[in-house]
Structures are given as structure tokens and as C-alpha cells.
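> So the sequence shown is numbered by this note's numbering: it starts at 31 and just counts up by one.
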Amino acid sequence: MYKRQGEGRPSPVGRVEQILGPQGGAGVDVLAILIGHQLALDFPSRVQDEAEKISRQGIRPESLHDREDLRDRLTFTIDPADARDHDDAISVYELDDGEVEVGVHIADVSWYVKPGSAIDQEAEERATSVYLVDRVVPMLPEELSAGLCSLVPDEDRLTMTVLYRMDMAGNVKEARAMRSVIRSRARLSYEDANAMLEAPAGDETSRAMHTLRKVCRGIRARRAERGSIDFALPETYVELDDDGMPSAIRPRPRLETNRIVEDLMILTNETVARIGEQHQLPVLYRIHEPPSEDRLESLRRVAGVFDTPLTADPVRPPDVARLVEKMAGRPQEYLVSMVALRSMKQARYSTRNVGHFGLGSDAYLHYTSPIRRYPDLVVHRALVRWLAGKDTEVDLEALERTARHTSERERRAEAAERDSVELKKIQYMTRHLGDTFEGTIAGVTGFGMFILLDEVLVEGLVRLSSLVDDYYHYDEESWSLTGRRSKRRFQLGDRVEVQVARVDPESREIDLELLKGPLDPGRSRD
Numbered sequence: 031m032y033k034r035q036g037e038g039r040p041s042p043v044g045r046v047e048q049i050l051g052p053q054g055g056a057g058v059d060v061l062a063i064l065i066g067h068q069l070a071l072d073f074p075s076r077v078q079d080e081a082e083k084i085s086r087q088g089i090r091p092e093s094l095h096d097r098e099d100l101r102d103r104l105t106f107t108i109d110p111a112d113a114r115d116h117d118d119a120i121s122v123y124e125l126d127d128g129e130v131e132v133g134v135h136i137a138d139v140s141w142y143v144k145p146g147s148a149i150d151q152e153a154e155e156r157a158t159s160v161y162l163v164d165r166v167v168p169m170l171p172e173e174l175s176a177g178l179c180s181l182v183p184d185e186d187r188l189t190m191t192v193l194y195r196m197d198m199a200g201n202v203k204e205a206r207a208m209r210s211v212i213r214s215r216a217r218l219s220y221e222d223a224n225a226m227l228e229a230p231a232g233d234e235t236s237r238a239m240h241t242l243r244k245v246c247r248g249i250r251a252r253r254a255e256r257g258s259i260d261f262a263l264p265e266t267y268v269e270l271d272d273d274g275m276p277s278a279i280r281p282r283p284r285l286e287t288n289r290i291v292e293d294l295m296i297l298t299n300e301t302v303a304r305i306g307e308q309h310q311l312p313v314l315y316r317i318h319e320p321p322s323e324d325r326l327e328s329l330r331r332v333a334g335v336f337d338t339p340l341t342a343d344p345v346r347p348p349d350v351a352r353l354v355e356k357m358a359g360r361p362q363e364y365l366v367s368m369v370a371l372r373s374m375k376q377a378r379y380s381t382r383n384v385g386h387f388g389l390g391s392d393a394y395l396h397y398t399s400p401i402r403r404y405p406d407l408v409v410h411r412a413l414v415r416w417l418a419g420k421d422t423e424v425d426l427e428a429l430e431r432t433a434r435h436t437s438e439r440e441r442r443a444e445a446a447e448r449d450s451v452e453l454k455k456i457q458y459m460t461r462h463l464g465d466t467f468e469g470t471i472a473g474v475t476g477f478g479m480f481i482l483l484d485e486v487l488v489e490g491l492v493r494l495s496s497l498v499d500d501y502y503h504y505d506e507e508s509w510s511l512t513g514r515r516s517k518r519r520f521q522l523g524d525r526v527e528v529q530v531a532r533v534d535p536e537s538r539e540i541d542l543e544l545l546k547g548p549l550d551p552g553r554s555r556d
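1. Spatial neighbours of residue 80 within its chain, please: C-beta separation below 7 Å, excluding the five flanking residues on both sides.
2. Going by other Cβ atoms of all chains shown within 10 Å of its Cβ, with 16 needed for buried, is residue 152 buried or exposed?
3. Using alpha carbons as the reference points, say which of 265, 290 and 289 lies closest to residue 281.
4. At 4 residues or longer, what runs of the alpha helix (DSSP H) sit wholly inside the region 292–346?
5. Can you tell me which of 489, 363, 288 and 355 puts its alpha carbon nearest to the alpha carbon of residue 530?
6. Can residue 170 and residue 64 be called in contact, C-beta distance under 8 Å?
7. With distances taken Cα to Cα, identify the nearest neighbour of residue 258 among 351, 302 and 326.
8. Roughly how many angstroms lie between the CA atoms of residue 145 and residue 410, to the nearest whole one?
9. Which partner residues does residue 205 have in the DSSP bridge list?
10. Note down, in chain order, each residue of its chain lying with its Cβ closer than 7 Å to the Cβ of residue 378, except the 5 sequence neighbours on either side.
11. Going by alpha carbons, who is nearest to residue 500 out of 322, 513, 493 and 491?
12. Please classify residue 434 as buried or exposed, where buried requires at least 16 neighbouring CB atoms within 10 angstroms.
13. Note down, in chain order, each residue of its chain lying with its Cβ closer than 6 Å to the Cβ of residue 546, except the 5 sequence neighbours on either side.
14. Tell me whether residue 119 sits in a helix, a strand or coil according to DSSP, three-state version.
15. Under the rule that 16 or more other beta-carbon atoms within 10 Å means buried, what is residue 12, buried or exposed?
16. Starting from the N-terminal side, write out each stretch of the beta strand (DSSP E) that is 3 residues or longer and does not extend beyond the region 46–119.
17. State the Cα-Cα distance for the pair residue 341 and residue 319, rounded to the nearest angstrom.
18. Quick one: residues in its chain with C-beta nearer than 6 Å to the C-beta of residue 213, no 5 flanking neighbours on either side, listed in chain order?
19. What's the C-alpha gap between residue 386 and residue 298?
20. Among residues of its own chain, excluding the 5 on either side of residue 166, which ones have a beta-carbon nearer than 8 Å to its beta-carbon?
21. Quick one, which of 322, 397, 479 and 420 has its alpha-carbon nearest residue 118's?
22. Who are residue 214's beta bridge partners in DSSP?
23. Kindly confirm or deny that the region 195–202 and the region 120–140 touch, where touching means at least three C-beta pairs closer than 8 Å.
24. What did DSSP end up calling residue 248 once you bin it into helix, strand or coil?
25. Mind listing, in chain order, the continuous beta strand (DSSP E) runs of no fewer than 3 residues lying wholly within the region 353–389?
26. Could you please give the first and the last residue of the uninterrupted alpha helix (DSSP H) stretch that includes residue 455?
27. Among the residues of its own chain, which have a CB less than 7 Å from the CB of residue 349, if the five just before and after it don't count?
28. Smallest Cα separation from residue 296: which of 246, 402 and 236?
29. Taking the alpha-carbon positions, what's the residue 99 to residue 93 distance?
30. Pick from 478, 140, 479 and 470: whose alpha carbon is nearest that of residue 485?
31. Hey, would you say residue 108 sits closer than 8 Å to residue 291, going by beta carbons?
32. Which stretch, first to last residue, makes up the alpha helix (DSSP H) that contains residue 140?
33. In angstroms with no decimal places, state the Cα-to-Cα distance between residue 537 and residue 267.
34. Would you mind working out which of 417, 44 and 85 sits nearest residue 192, comparing C-alpha positions?
35. Per the contact definition of three or more C-beta pairs closer than 8 Å, is the region 476–483 in contact with the region 321–335?
36. Since residue 305 and residue 137 should fall inside the 8 Å C-beta cutoff, what is the C-beta to C-beta distance between them, to a whole number of angstroms?
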């Protein structure tokens, strides 16, 4: 920490505030990223004391007053296998008339975290949980996030519920919001739940999953019809060894059960947003404004390169959705989706609802994760007061400050998460010097070509100076390099084979040497 300029000295004087650990020590590099982004790790003692007191009190009899008792419903959670908190659950109840009641149950964090309390002040300051490559920094103390507010099996839990009456095609006939109490019967991983869908319907939970698949396919189809953009962006995750070093980079599959949960959570966020709009509740909307024309220029150019012109003016969500859909199955699918995503403005929180461009939604907010996002807790409090018939007026200027603060904190958390993953990917690639990869040209500049490597989704640079077989001319309009003599041409989206020539963890740069290319798009690697 800088203190002052030393008298008669050329250098500033400071003091050491914290020793992170030895260079190369397990987790020290990620801890440095956390501190570099000014993100808190430990909770103040007053916050911890308050959380422990709430945990000791547990669920008291008065907690159940004025709550819908849904403990008889078949209810379960679906989460990643390594999840520590479970803040949403789903229930399925088949009705006599062939319709179905689907419940989306969210942990009632607002019951425990009161406005102005020590926990609330800390949660608002943090605004979000942070998911780094080797750890989670929670918004709420573990006594709540992994304890009373986690919807674990065989325990009564206080929840906020939206009950939907639907037909089997996913058409919503009725939606009711309420405070409730549930008892989950099972904790399923995405893989567990997906295995149920791949087999004939068996027990009660398996039958419920098959019902949800039918219902959610209808919900998804209607969302697609209105222009919701489904970016084809495969994800990877980094496996770490006991020393915190990357041992593998693996694809994260997007299963049908991931889509089912996503469908229900988007539906519920929109349902609560419509309630907020209709009754003018003081909520924070999740807005995503239309992209500006200068941001769309790169997307228009990329679309033109791949003979899928984007000519609409103005561009609307269905136009981008159709472009992404046209690229499905092509080698450049990921590239176009990535450029489309980068052309979008960043979503943010606001007291004014202007819709969500990416989802093609007229009204959207965040309601389904109050354990890890403060705006969701703000929405819960407004909804609770409205359900109880209480005054919902708040200081709108203060609410707008909360919107700006939580948006900024979200950006900071995302940057830290991205930095931690990129750091480990670079470390992983140091072990692959000299190895060959196939990849896609993701960018062409006057100084070289950026190649997105298959499987690991790591980007490296083939420098123009390393292409010694010819003198290459850069054409900015077509994003291509063409050899003066050979007429050999490299263009955005071409497939190539490269070798890892240099990895610099400090600058996070990867240099590649071109081995073969452009490759036949239909060629499969031996």
C-alpha cells in the first residue's frame, strides 16, 4: 500500500498489507487476481456473527404463517454435480384434466436477510458471488448460502414460489406467485436427470422429468419464435490438480436438462417482471438494449464473408437468431456466435424496463438466484410486500444507485472469473509446447492471424513474420491474407493446423506456427 513519498528519496514508501504466499504456491495466483480486482474474500466478524445467530434459530413455527404448504408436492433440485448451494427447485403435479402444475421454488432469502442488517449491507456491497477457477467467493455467508437457504433434500425450506398451470405443450394457463414452504425429495445432478430422459419413464421423479421435457420444448419453441438468440458457444472447464495447476481442459456439455432448467428460470424471471410492470413495483429490471450500428458493423461483415448477409435495418432479435441458426453445424458456427455476442451491448440492471434484446423479451429481470445476486433479493422484497398488500414505495434514486453499483460489481466479478480461467489455460498450454492442434481463424490483422484451437478453446497468434513461404497482403475488407506469388489465401473462418511455438504466462500470449492450411472444411483429423 502506498503511503507517502520518502523525504529525500526518489522512490515512494509503503507498507506490506498482506502476504499472499510463495510464488507458485497452490492458489496464490488466483488469490492475486481476486485482490487485484478488489474483491472481498472473508466476511467481517459482525456479518459472520449475525449469520451464525440466524443459523442457530433455524426455521421457527412463526416462519410458516401465511405460507402455502407445498411439502406434499414432488419437488427436486437439478444442479451441477459439484454445486454447494441449491437455491432453486422444481415441482411437478399432474392434474386430472390432462394439464400439469409446474412449480418453480426459489430460496426465500428475504426472510432471513433484512434491509439494513450487517449481512444485507455486506451482500449489497459484494452484489454477487464470484466463481473463480478454483473457488467460489459467496455473496452470503455459508450458514445461509449452503445452509438455511439451500434447498437440500428432506428438510423444510422457506421459498418464494411461482405455480404454473400448463398444458403439455407448455402454454401457460395461469401463474400464481406466493410465499411457501417446501421439502425437496431429491438432489439431482444435470447428468442424473438427463439419464432419466434417456431411459423409459420409471419412478415418480423419472416420469416428472419426461413431463418437464415435453412442457419445456413448447416453452422453448415459443421463445425461439419471438427471436430469442441461442448463441452456439460451447463451454470448457479447467481441471486442477492438488497443487492448483491445470491438468486438463474439458468440454462442458449442454444437456437437455440444462435447457429445461434454463427454460423454467427464464419463464419465471419474465413472469415476475410482468408482475412488476403491471403493478409498478420498485424492482431492478435486467435490461439488454439493442446494439448500436457501429457494433453491428463487424457482425454484418462476418455474415457477408460466410454468405449469410445480415441486411435488416434496424436489426431485430429474430434477424440475429436466424443468422446464428443458419451457421449451425458449420465449422465457423462458434466464430459467428462469438462475433454476434461481442456485437451486443452488455446487459445491466435498471429501474426502467426497456426490454431484453438477446432474449427477445419485453420484460425481464433477475429473480431466481437471491443467494448469489443482490438484484434478485431486491426483487424478492418488492414482491413480498406486494403479496402482503403493503406499501411498495421506495427511494427511486437509491434504487437506481443500487442498479449502477450491482452492474459495476457484476462486471468486476466477470473480469476476475475470466482472468482466472485464462491464466489456467495459459499455464496448461505451457505443457503443450511443440504440440499440434487444429483450429479456426478467428481474426485476421495486418500482423497475423488469431487461431481458436479446437477442444481447448484457447486463442493463439500466427505472426505474419512467420509466414516465410511468400509475401502476404492483408485485405481489411475481406479479412484475409493472400500470397503475392502463390495466391495462397487465408480468410476468417478457415481451418488450419498449427504448432504451439511459444507460451508466455506473463503477457498471456501464445505464438503458433502454421503447419497446414487452409484445410478442407469437411476434413477430419487422423
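For glycine and all other residues, C-beta sits at the position ideal for the given N, C-alpha and C.
Based on what the coordinates show:
1. 147, 148 and 149
2. buried
3. 265
4. 323–335
5. 489
6. no
7. 351
8. 12 Å
9. 194
10. 317 and 437
11. 513
12. Residue 434 is exposed by the Cβ-count criterion.
13. Contacts found: 527.
14. If DSSP states are grouped into helix, strand and coil, residue 119 belongs with the strands.
15. Because the chain is modelled from 31 through 556, residue 12 falls outside the range shown and cannot be assessed.
16. 104–109
17. 20 Å
18. Hits under 6 Å: 101 and 186.
19. Cα-Cα distance, rounded: 15 Å.
20. 114, 159 and 160
21. 397
22. Beta-bridge partners assigned by DSSP to residue 214: 183.
23. yes
24. Residue 248 falls in the helix class under three-state DSSP.
25. 378–380
26. 426–459
27. 340 and 342
28. When 246, 402 and 236 are compared, the shortest CA-CA separation from residue 296 is found for 246.
29. 12 Å
30. 470
31. Cβ distance < 8 Å, so residue 108 and residue 291 count as in contact.
32. 139–142
33. Residue 537 and residue 267 have their alpha carbons spaced roughly 22 Å apart.
34. For residue 192, the nearest C-alpha among the options comes from 417.
35. no
36. In fact, because the Cβ distance is near 19 Å, the residues do not count as touching under 8 Å.
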